[in-house]
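Number of protein chains: 2
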Amino acid sequence: MEEINQFRKLFTNYLSQQAFDRRPHELYEPINYVMNMGGKRIRPVLVLLSHHLFDDQVDRSLPIAYAVEMFHNFSLVHDDIMDEAAVRRTKPTVHHKYGVNTGILSGDVMLVYVYHYLGLTGQEVDLPMLIKTFNEVAIKVCEGQQMDMNFENTDAVTLQEYVKMIELKTAALLSGSLGLGAISGGASQKDVHHLQEFGKCMGIAFQLQDDYLDAYGEQQKVGKRVGGDILQNKKTFLVTKALEVADAPLRTKLLSILHDKDLHPDRKISDTLSIFNRLDIPRLAKEHKKIYQEQGLQHLEAVDAPAVKKSLLEGLALNLLEREY
Amino acid sequence: MEEINQFRKLFTNYLSQQAFDRRPHELYEPINYVMNMGGKRIRPVLVLLSHHLFDDQVDRSLPIAYAVEMFHNFSLVHDDIMDEAAVRRTKPTVHHKYGVNTGILSGDVMLVYVYHYLGLTGQEVDLPMLIKTFNEVAIKVCEGQQMDMNFENTDAVTLQEYVKMIELKTAALLSGSLGLGAISGGASQKDVHHLQEFGKCMGIAFQLQDDYLDAYGEQQKVGKRVGGDILQNKKTFLVTKALEVADAPLRTKLLSILHDKDLHPDRKISDTLSIFNRLDIPRLAKEHKKIYQEQGLQHLEAVDAPAVKKSLLEGLALNLLEREY
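Here the protein sequences come in this chain order: C and Y.
Residue 220 in the working numbering sits at position 212 of the first sequence, and the numbers go up by one each step.
Residue 158 in the working numbering sits at position 150 of the second sequence, and the numbers go up by one each step.
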């Protein structure tokens with residue numbers, strides 16, 4: 009992973025040079041705050057690795073990498089308002105620190121700056137194509153967030169709908185990062201397509217793993233309370249699949265546990281997990297993850313680029329997908 | 009104004025063909041709602057009129073006109089959340105009708121669609137320049153909104169700061185509409201500049217008129233309660249100028265009226281107006297408006313385009329600026 013760390017350093021170095029010091033500072037301070045919160049910087053690294061497949065002048069894709077990271081952070085700022093989240097990465101969320109109105113408005117100006125950075129790419133890049141590709145990604149992310157909000161008010165979410173939601177909300181930006189990096193590097197349409205599909209599959213696999221770990225991971229490694237999704241009645245692969253495969257009585261029982269407001273939290277988690285286990289959901293979750301993972305790797309395989317360069321992308325993806333298993 | 013109505017019809021016809029029927033409909037229904045709320049469509053008409061100065065194929069600028077109108081509506085959706093406004097154009101605001109979260113998210117996707125529509129312009133247009141120009145406008149509008157929010161918590165706003173705020177919040181998009189239309193029509197940099205300055209001056213003059221009418225207009229013609237700004241302690245040209253020119257005792261008196269929560273509303277308005285009158289603020293407001301108006305017309309004069317075409321823009325501007333006077 010040493011080489012990947014170098015790509016990450018290239019990016020964080022670029023990031024540290026971007027200061028938002030315009031006025032009014034009430035608008036720009038939250039941007040500096042959120043952009044410097046840290047995080048794994050996966051999306052910008054994907055941009056750089058994808059560009060690198062086709063062209064060695066990786067720094068040419070730095071503005072795109074920055075645009076993608078800024079879009080990711082913009083979406084976190086607005087999502088945290090919608091989800092009323094007070095903490096992110098152990099720090100107060102933007103709206104918690106600066107107020108909801110500034111959270112909305114700083115997020116808005118961040119979205120404008122996303123396009124500013126996309127526009128900084130060199131003349132060798134097809135800007136209309138780049139922006140068209142990005143717009144499609146951004147629209148998907150918003151659609152995914154709306155679907156996720158819709159899911160809060162219903163039990164009738166099919167597995168297909170759930171996978172569609174995570175494809176939009178989570179996988180689209182990972183997929184888009186690879187697509188944009190490839191466009192920046194001068195890839196063929198076919199290779200752009202394969203990289204986007206690779207990213208989409210890996211994104212879905214990653215979310216399925218995340219769903220599994222939230223219920224079955226070791227607390228220390230997961231870094232948050234195990235069973236948190238169950239307590240919040242969040243739609244996940246586990247509960248969606250369980251409601252799909254359960255017979256009518258078990259389905260009724262699961263729903264009554266999920267909606268029982270008087271149940272002790274520990275009991276709610278253990279009762280839910282016992283139904284998941286009875287239905288063999290953990291195995292199904294791992295199987296599904298593996299299907300997406302292998303499908304993704306086939307798309308990467310099909311990309312016309314040096315194997316040694318592709319192995320960096322494969323290594324990063326497998327590293328993200330093999331936590332705790 | 010018959011010719012201007014034809015431009016407006018050209019736009020509303022294009023607008024009626026844009027349907028947001030993607031899913032989830034919870035995300036897109038608010039866009040259809042707000043885009044079809046009506047309104048004078050001044051900004052898109054400015055795009056078309058500005059394009060028309062340099063090129064007769066006005067319909068080429070329709071996607072830009074639509075992008076500008078969508079940005080305007082995006083900013084209204086988010087501003088109404090920040091201002092907790094329940095009603096706009098006699099109808100419920102988006103967040104009031106669909107909830108705050110959908111208001112935020114539908115606004116976000118509208119901003120993405122702004123760039124989608126900008127990207128629909130023909131290949132004869134310099135897209136990077138178009139997007140760069142638009143980004144600068146969008147950033148100004150956000151900065152103006154933040155300044156306006158900052159002003160709520162202070163009395164120490166100078167006239168210069170107030171004019172800067174309205175230049176960003178109100179005038180920048182009018183100026184930008186003219187600039188984008190001119191770029192679309194193939195204008196020279198010099199003419200783009202003069203049209204933007206024309207728009208900026210007219211936008212400031214328009215806001216100064218708005219401030220005046222809110223306090224001195226006839227209720228029937230203004231369409232809202234006369235003195236509303238005074239009751240809301242809104243920063244306007246009138247109060248900012250009054251605090252600037254008043255001597256210390258009168259300044260103290262004005263501030264005490266503005267902050268007196270027990271004062272009867274009618275009394276608050278009449279006491280404030282009486283201080284404005286004593287300081288000759290109405291005359292100063294008209295004078296300032298006139299200065300910006302004349303400065304704007306000089307910039308229009310300097311644009312290298314047929315006088316008969318420029319007269320349409322001049323007619324629209326003077327029509328907007330001569331209400332109630």
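Note that beta-carbon positions come from the ideal geometry of N, C-alpha and C, so glycine has one too.
{"query": "Cβ neighbour criterion (16 or more within 10 Å) applied to C:Q14", "result": "exposed"}
{"query": "Presumed contact (8 Å Cβ cut-off) between C:V55 and C:G189, rounded CB distance", "result": "4 Å"}
{"query": "Inter-residue spacing [alpha-carbon to alpha-carbon] between Y:D218 and Y:E295", "result": "14 Å"}
{"query": "Chain-ordered neighbours of Y:L167 on chain C, where CB pairs are closer than 7 Å", "result": "Result: empty, since nearest Cβ-Cβ is about 17 Å, beyond 7 Å."}
{"query": "Nearest-angstrom Cβ-Cβ length linking Y:R49 and Y:E77, presumed shorter than 8 Å", "result": "6 Å"}
{"query": "Closer than 8 Å to chain Y by CB, C:I139", "result": "yes"}
{"query": "Sheet register partners of Y:K99 (DSSP bridge)", "result": "Y:R96"}
{"query": "Cutoff 8 Å: Y:N241 Cβ touching any chain C Cβ", "result": "no"}
{"query": "Proximal residues to Y:L328 (C-beta, below 8 Å), its chain only, five neighbours per side dropped", "result": "I50, M210 and F214"}
{"query": "Same chain, Cβ closer than 8 Å to Y:L263, five either side skipped, listed in chain order", "result": "D163 and L251"}
{"query": "Closest by C-alpha distance to Y:Y121, when choosing among Y:H60, Y:I39 and Y:D63", "result": "Y:I39"}
{"query": "DSSP-derived helix/strand/coil call for C:T244", "result": "coil"}
{"query": "Inter-residue Cα distance where the pair is Y:L84 and Y:L221", "result": "21 Å"}
{"query": "Positions along the segment 145-169 of chain Y whose CB lies within less than 7 Å of some CB in chain C", "result": "A146, I147, C150, E151, Q153, Q154, M155, M157 and N158"}
{"query": "Cβ-based burial, Y:P257 [other Cβ within 10 Å; buried from 16]", "result": "exposed"}
{"query": "Closer than 8 Å to chain Y by CB, C:E332", "result": "Caution applies to C:E332, whose pLDDT of 48 falls short of 50 and renders its modelled position unreliable; the value that the coordinates give is listed next. No, because no Cβ of chain Y sits closer than 8 Å to the Cβ of C:E332."}
{"query": "Y:K99 vs Y:F159 beta-carbon contact at 8 Å", "result": "no"}
{"query": "Near-chain C residues of the segment 73-103 of chain Y (beta-carbon distance less than 7 Å), N- to C-terminal order", "result": "H86, I89 and M90"}
{"query": "Contact set between the segment 34-50 of chain Y and chain C, restricted to residues whose Cβ is under 8 Å from the partner", "result": "E34 and L35"}
{"query": "Cβ-based neighbour list, C:L324, same chain, cut-off 6 Å, excluding 5 preceding and 5 following", "result": "I12"}
{"query": "Proximal chain C residues relative to Y:Y123, where beta-carbon distance stays under 7 Å", "result": "Y123, I139 and N143"}
{"query": "Under 7 Å (Cβ pairs) to chain C, residues found in the segment 108-122 of chain Y", "result": "N109, I112, L113, D116, V117, L119 and V120"}
{"query": "Inter-residue CB distance, C:M155 and C:L176 (contact presumed, cutoff 8 Å)", "result": "7 Å"}
{"query": "Any chain C beta carbon closer than 8 Å to Y:L135", "result": "yes"}
{"query": "Neighbour-count burial assignment, C:L326, 16 or more Cβ in a 10 Å radius", "result": "exposed"}
{"query": "Those runs of the alpha helix (DSSP H) which lie wholly inside the segment 228-301 of chain Y and span at least 4 residues", "result": "236-239, 245-253, 256-267 and 273-286"}
{"query": "Of the listed residues Y:L246, Y:E205 and Y:F245, nearest to Y:Q306 (C-alpha basis)", "result": "Y:E205"}
{"query": "Cutoff 6 Å; reference C:F284; Cβ partners in own chain excluding five residues on either side", "result": "L246 and A250"}
{"query": "DSSP state of Y:L320 mapped onto helix, strand, coil", "result": "helix"}
{"query": "C:D134 in three-state terms, based on DSSP", "result": "coil"}
{"query": "Residues of its chain near Y:L239, where Cβ-Cβ distance is below 6 Å and the 5 sequence neighbours each way are ignored", "result": "P273"}
{"query": "Anticipated Cβ contact below 8 Å, Y:L138 with Y:T129, distance rounded", "result": "6 Å"}
{"query": "Proximity below 8 Å, CB of Y:A195 to CB of Y:L281", "result": "no"}
{"query": "Buried or exposed by the 16-neighbour rule on C-beta atoms within 10 Å, applied to Y:K208", "result": "buried"}
{"query": "Below-8 Å beta-carbon distance, C:P32 vs any chain Y residue", "result": "yes"}
{"query": "Among Y:V165, Y:A75, Y:R16 and Y:M9, nearest to Y:Q26 - alpha-carbon criterion", "result": "Y:A75"}
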